[in-house]
Every structure is written in structure tokens, then in C-alpha cells.
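Just so we're aligned: 427 in our numbering is position 129 of the sequence shown, and the numbers increase by one with no gaps anywhere.
All C-beta atoms in this analysis are idealised placements derived from N, C-alpha and C, irrespective of residue type, glycine included.
The structure presented is a predicted model; accordingly, all values stated were derived computationally and were not measured.
Comments concern the structure below.
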Amino acid sequence: MSFIELNSGPWRGVAFLRGLGGPEDTPAGCKSLMWRHDGTSRLGGVLERAQAQVLIDAAAVPDRVQRAQPDPFVLRSVTTESAGEAFVFAGRMFSRSGDVETLEPCVAAQLTIAPETELAITVYEEFEYAVVAADGDLAVNRTPVPGRSVGFLDAGHRTLGLENHSDNIAHVLILGGGPA
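Structure (C-alpha cells):
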């Protein structure tokens, strides 16, 4: 399996799975965070029907299996209309904390963005971010990020602009952490 390299905080790579397993392919020094569109993630072990496998530095997380299935909450667009929903898996974002414990400050969240929607989210200025576009036709701060690819944002930004230009829902992972 090939991974797209991330290097945003403790996040090291991502592979899109199409519902297949993949933790046995985890490189040395990394742990696997499996993720699926329904707002479920699992650090270590298998997650049935996962859409992506995200690699995190093994030193950044406790050595145990963790599962997160947080309650969704409504996202608001720049016009304050409903823009979809979000789930926070690790760290703190949107004034919510994730269930996955980390030993290093970082964040992992899913955004399910409605079609033809623009939103702005507040981010930690000291973090760099990887925006994993599982599907959809996204733009991150006006830069196109097609489905099944990753956009990057250096530290120093207070907000992150996201646009879903497609006619379908876009599933996005936001992964952030301090510069390596």
C-alpha cells in the first residue's frame, strides 16, 4: 500500500482504502488511525469498511487500542446556514474534545460538507494542517484540492477556508499539530 506523506505535527501519512483493511501495512514507528465516513475512528486494530488509514507517529499516542465515535454537531457556512456536520476524534477543535488520547498536542476531525458550500473554521495558529479530501471538489483557502488528495496549510493561520464546489457531500479530515 502506498501512503501520501503528511508530516503535519505527528501525522505521517494517509492511504485511501475503499473499504479495505490495512493496519497490517503500518510502517515501523507509526500507529494506524482508521477512519470511515460515518464519524468513526479507531487507533490500532481493524475498523470494518474504513475509507482511510492515517499514520501517526507511534511516540505521539499511548500504546493501546482506542475507538472514537463522537456525536456529530452542525457546521455553519459563512452565511450561517447549515453547512454539514463535524466530528472531533483527537485534540480540541470547535470547542469540543476528541476521545482519542494523544501524548503530543494535535487535532483530528472529520467535516462532512454540504454541496456548494463555503465555510471558515478557526484553527490553532501554532499548528500546521493537512486537509485530507476523501471525495468532493474542495478548495482550501481558495487552492483546489481534488478528491483523494491532500492540501497543506503552514503554521501561522488563524482560520481555514473550505469550499465544496461539487454537487455531492464532501468528506474531509483535518489533521493538525505543531511543526516537526
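Cutting at 6 Å between CB atoms, please list the residues of its own chain near residue i, excluding the five before and the five after it.
i	result
E426	S306, D452, A453 and P477
Have a look at residue i and residue j and give me their C-alpha separation to the nearest angstrom.
i	j	result
R390	V405	6 Å
M332	L341	6 Å
D323	R316	15 Å
E423	N466	30 Å
P308	D369	25 Å
V398	A366	6 Å
R394	V448	24 Å
G434	P413	9 Å
Suppose contacts are defined by Cβ-Cβ distances below 8 Å. Is residue i in contact with residue j by that definition?
i	j	result
V421	L458	yes
Q408	F385	yes
F392	A428	no
If we count the other Cβ atoms within 10 Å of its Cβ and call it buried at 16 or more, is residue i buried or exposed?
i	result
L401	exposed
A348	buried
R310	buried
D355	buried
G343	exposed
Would you please state the rounded distance, in angstroms, between the beta carbons of residue i and residue j? I believe it to be under 8 Å.
i	j	result
I411	G445	Contact doesn't hold; Cβ gap of about 12 Å is too wide.
Looking only at its chain, what residues have a beta carbon closer than 8 Å to the beta carbon of residue i, apart from the 5 residues adjacent to it on each side?
i	result
G460	Checking the sequence shown, residue 460 turns out to be Leu, not Gly. Same-chain partners within the cutoff: L409, I411, E416, L417, A418, I419, V429, L436, A437, V438 and V470.
T338	L345, R365, A366 and Q367
R374	S380, A381 and L417
Can you find the residues in the same chain that come closer than 7 Å, C-beta to C-beta, to residue i, ignoring five residues on each side of it along the sequence?
i	result
F301	G311, V312, A313 and L353
E372	The question names Glu, yet the displayed sequence has Val at residue 372. Here the set comprises S380 and E383.
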